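Structure record follows, encoded as structure tokens.
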Amino acid sequence: MTSPDVRPQKVVIIGGGISGLSAAYYVQNIAEKAGLPIELSLLEKDGRLGGKIDTLHRDDFIIERGPDSFLARKWPVIELSQELGLNKYWVATGPQAKQTFVVHHKKMHPLPPGLMLGIPTQWTPFLKTGLISPLGKARAALDLILPKRKETGDESLGHFLERRLGREVVGQMAEPLLSGIYAGDAYDLSIQATFPQFQQLEQKYTSLIKGMMISKQRMQQTSRLPAMAQKSMFLSFQGGLSTLVKALASGLKRAQLRTQTAVKGLHKNESGYRLQLNDGQTLEADALILATPAFVTAQLLEEPELRQLLAPIRYVSVANVVLTFNQEDINVPLEGSGFVVPKKEGYTMTACTWTSSKWPHTAPEGKVLMRVYVGRAGQEDIVKQDDEHILSIVQQELRELTGLNAQPLFYEVNRWFQSMPQYQVGHVERLEQLTYKLNMSHPGLFLCGAGYRGVGIPDCIGQAKQAAQNLLAYLTKKAEP
């Protein structure tokens, strides 16, 4: 039992996106269960909470300005949803969203069933697809007999997949799918930081295809996920992803949530840390969680060595264009969930989601909602253009690729500058060095967020929970006599 005379430990979380909000939630809950008195503050420089999660309700449309869903098979978001009582609001992808298309020679081709990030797990559909030439298919099949790589160090995701499956599969299948996750170049991204399981499967089974087939089968047999999460690869909420943000914020009743509050300086002192705020005030903290982009974290940390380890985590700018239509004006079939566009096709668009087909709850009866994506590594200039210019390019490319010539009821361009972190080769090793040096030079300061160990919503939640556990373990040990 904690003495009422014990001074509450002051905990500050910088960043009010999904990582910061989740960290605050776990700090509050774990501290309460442990009987550890704390004063919790969360600081966000923008005027709202949620970061890239931003749901707009307009004319009965549910529009996601940022991400539109989360990966259902990742446990952290499932667990958090259940704890917050939000699982009753889950929605799965619609029945029309079973198929995804990819542009090949300016025509739509369905991705073959059983494809997992460009890796075939069913031979018959892969051999029948028109996306890959007979020579490309033969090259991919060599994966079954090629020896595994002797070295176990990091390499780029693109080089790994090309080594196993050939350049054609990478360029036509894997790369366009990757663009939707990282907006990156597969030949720059670290295999160990993005899909370490691929490297592990090669080492265990030699063949990546064989390993993926076995892994897929075992995952289906042993899954502990709820029924809806087992049936749908992606999930969202009836009212949009901001449902999760609102639930987290409303649950932080004992925390001080401060928006429009930027941290201009962070200084270590004898008792902990002193924060200089943009309004001229200062704030003391016994322990901190920085749930900020890596470049913001680098600005706050004073040591050149720490900044040097953070510097390689660069961010790509992207944008999306939301388009709404009357169903009767649509002159093309909106089959599947949408399509992705390989870089080699030469288009500005990277992907297009038929949102109201993928998520039927997002559009009222008789209306259509879609989102077109632009911007990726090496092609970021489009994001800086004005709305009308971006819209004209998107409409022109939609007409060329799909025949769609309807005029939208309304549109919206959403820009996300420096939003997509790029995990370059060596990322995991640099993170280990960063964590070690932080523990030595900044005890009680912890990091979480998309720039470090996963870009998706579940990954950010998982990192936030771990950061909260580490912080409270630190404070508990610090309070020991």
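Using the UniProt record's numbering, you'd call the opening residue of the sequence shown number 1 and step up by one each time. Where is the CB? At the ideal position from N, CA and C, for every residue including glycine. A quick note: this is a predicted structure, and the numbers were derived from the prediction, not measured.
Counting only runs of at least 3 residues, the stretch 216–282 fully encloses the following beta strand (DSSP E) elements, listed from N- to C-terminal order: 234–237, 255–258, 263–268 and 273–277. Ranked by Cα distance from Tyr187, the first of Ala406, Met370 and Glu162 is Glu162. No alpha helix (DSSP H) of 4 residues or more sits fully in the stretch 403–428. Looking at Leu127, Glu380 and Val368, the one whose alpha-carbon comes closest to that of Phe61 is Val368.
Residue environment analysis places Gly51 among the buried positions, since at least 16 neighbouring C-beta atoms fall within 10 angstroms of its C-beta.
A contact between stretches requires three or more CB pairs, one per stretch, nearer than 8 Å, and the stretch 34–46 meets this requirement with the stretch 7–19.
If only uninterrupted beta strand (DSSP E) runs of at least 3 residues are considered, those enclosed by the stretch 367–393 are 367–374. If you keep only unbroken beta strand (DSSP E) runs of at least 3 residues inside the stretch 57–89, you get 61–64. Taking the Cα of Gln82 as reference, the smallest distance to any Cα among Met228, Ser232, Thr206 and Arg415 is reached at Met228.
Each of Ile181, Ser392, Pro304 and Cys460 was checked against the Cα of Thr292, and the nearest Cα belongs to Cys460. Taking a C-beta distance under 7 Å as the contact criterion, Gln172 and Leu131 qualify as a contact pair. Distance from the CA of His361 to the CA of Val455, rounded to the nearest whole angstrom, comes to 26 Å. The alpha-carbon separation between Tyr474 and Leu189 amounts to approximately 33 Å. Taking a C-beta distance under 7 Å as the contact criterion, Asp143 and Ile209 qualify as a contact pair. The beta carbon of Glu335 sits closer than 7 Å to those of Gln99, all from its chain and outside the five residues before and after it, given in chain order.
Of the candidates Gln9, Asp54, Gln203 and Asp59, Gln9 places its Cα closest to the Cα of Gly35. Residue range Ile457 to Ala479 is occupied by the alpha helix (DSSP H) that includes Asn470. Inter-residue distance for Thr259 and Gln422 is about 27 Å (C-alpha atoms, whole angstroms). Shown here, Pro95 sits in a helix according to DSSP, grouped into three states. By the Cβ rule, the stretch 190–209 counts as touching the stretch 152–161, because three or more pairs are nearer than 8 Å. Across the set Glu345, Asp329, His427 and Ala319, the C-alpha of Ala319 shows the shortest separation from the C-alpha of Ile382.
Taking 3 residues as the shortest admissible run, the stretch 94–133 contains the following complete beta strand (DSSP E) segments, listed from N- to C-terminal end: 100–104 and 107–110.
Note: Glu328 is not bridge-paired with any residue in the DSSP secondary-structure output. Apart from the 5 residues on each side of it in sequence, Phe70 sits with its Cβ closer than 8 Å to the Cβ of Val77, Phe234, Leu235, Ser236, Leu241, Gly456, Ile457 and Pro458 in its chain, given in chain order.
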